[in-house]
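For this note's numbering, add 107 to where a residue sits in the sequence shown, where the first one is 1. One structure is given here, and the rest of the page talks about it.
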Amino acid sequence: MQFLAYGAGTGTPGLYVSLTRGSEATIESMSNYNLNIPILIERGKLLFMDAKSVAVYGDTDTTINPSTIYSEIVNTVRKHAIKRLVIDSMSTLRFSIRDRRSEDEEVGRFIQNLKLLDVTTILLSEMIDPSIYATEQYACDGLIFHHNFMRGRSMVRAIQVIKMCGTAHDCEMRKLGFDEDGLFVAGKIV
108 MQFLAYGAGT GTPGLYVSLT RGSEATIESM SNYNLNIPIL IERGKLLFMD AKSVAVYGDT
168 DTTINPSTIY SEIVNTVRKH AIKRLVIDSM STLRFSIRDR RSEDEEVGRF IQNLKLLDVT
228 TILLSEMIDP SIYATEQYAC DGLIFHHNFM RGRSMVRAIQ VIKMCGTAHD CEMRKLGFDE
288 DGLFVAGKIV
């Protein structure tokens, strides 16, 4: 969200696509940070799109899939000249694919089509085992891991750039923290 809010604050329209929580829950959870989200929404620089990912009992009109989500994204990107996009989450998108045999192909096609939009995109994805890569990790130009691990009796949060095409970077884990302005990155974890 910080990525979108920063861009929107500098005049670059952004779109947050929620496949699980919904925009109200996301806005509420971000209200503790100085991101000026209500103002950016009011100015039309920060937009939210909710996509139903889990059928509600009795509701027959809840089917989503990568193709329908992509179509909605394209319409919003074109209508509002969106230049920054966040999709939360790729794991949920995978669950929407009925034919498990074509899952990787569908995800790959979805990502390749997103690249045609000429929009800087962040795809959020849950990954329990960092040694097992999914299609989205291979197909994306950049890959950043958010780690949580125990050191002694304390939980440590870290961020690590695994790949970022066309950009020099190190692969060291760096301390990750949060304050009233949002996420910040500190020194290397030793």
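Virtual Cβ for every residue (Gly too), placed ideally from N, Cα, C.
When we look at the beta-carbon of residue i and count the other beta-carbons within 10 Å, is it buried (16 or more) or exposed?
| i | result |
| --- | --- |
| L223 | exposed |
| G259 | exposed |
| T274 | exposed |
| P145 | exposed |
| V297 | exposed |
| K295 | exposed |
| I251 | exposed |
| G118 | exposed |
| I269 | exposed |
| V124 | buried |
Would you kindly work out how many angstroms separate the C-alpha atoms of residue i and residue j, rounded to a whole number?
| i | j | result |
| --- | --- | --- |
| S178 | G215 | 16 angstroms |
| V161 | R201 | Low per-residue confidence applies at V161: pLDDT is 49, beneath 50, and the placement is therefore not dependable, though the value from the model is reported in the following sentence. Distance between the alpha carbons of V161 and R201 is about 12 angstroms. |
| K152 | G116 | 8 angstroms |
| T199 | P173 | 10 angstroms |
| I180 | I239 | 29 angstroms |
| G101 | A293 | Outside the shown range of the chain, which is 108 to 297, sits residue 101, and nothing can be said about it. |
| D288 | A241 | 32 angstroms |
| S136 | L230 | 19 angstroms |
| Y140 | D286 | 8 angstroms |
| K186 | L154 | 11 angstroms |
| V184 | A158 | 15 angstroms |
| A246 | M257 | 30 angstroms |
| L142 | R150 | 14 angstroms |
| M108 | D206 | 31 angstroms |
| L111 | D211 | 28 angstroms |
| S138 | R128 | 15 angstroms |
| M156 | N182 | 11 angstroms |
| Y113 | Q219 | 26 angstroms |
In this structure, does DSSP put residue i in helix, strand or coil?
| i | result |
| --- | --- |
| A158 | coil |
| I176 | helix |
| N220 | helix |
| G215 | helix |
| L192 | strand |
| S232 | coil |
| L250 | strand |
| N143 | coil |
| T242 | helix |
Using 9 angstroms as the threshold, is the C-beta distance between residue i and residue j below it?
| i | j | result |
| --- | --- | --- |
| A265 | H253 | yes |
| I194 | T228 | yes |
| L290 | S196 | no |
| I189 | V226 | yes |
| L122 | R191 | yes |
| E243 | S232 | yes |
| M234 | D248 | no |
If you measure from the beta carbon of residue i to each beta carbon in chain C, is any gap under 9 angstroms?
| i | result |
| --- | --- |
| I146 | The displayed structure is made up of one protein chain only, and chain C is not part of it. |
Checklist entry - Is the segment 275 to 287 in contact with the segment 127 to 135, if contact means three or more CB pairs nearer than 8 angstroms? => result The segment 275 to 287 makes no contact with the segment 127 to 135, as fewer than three CB pairs between them are under 8 angstroms.
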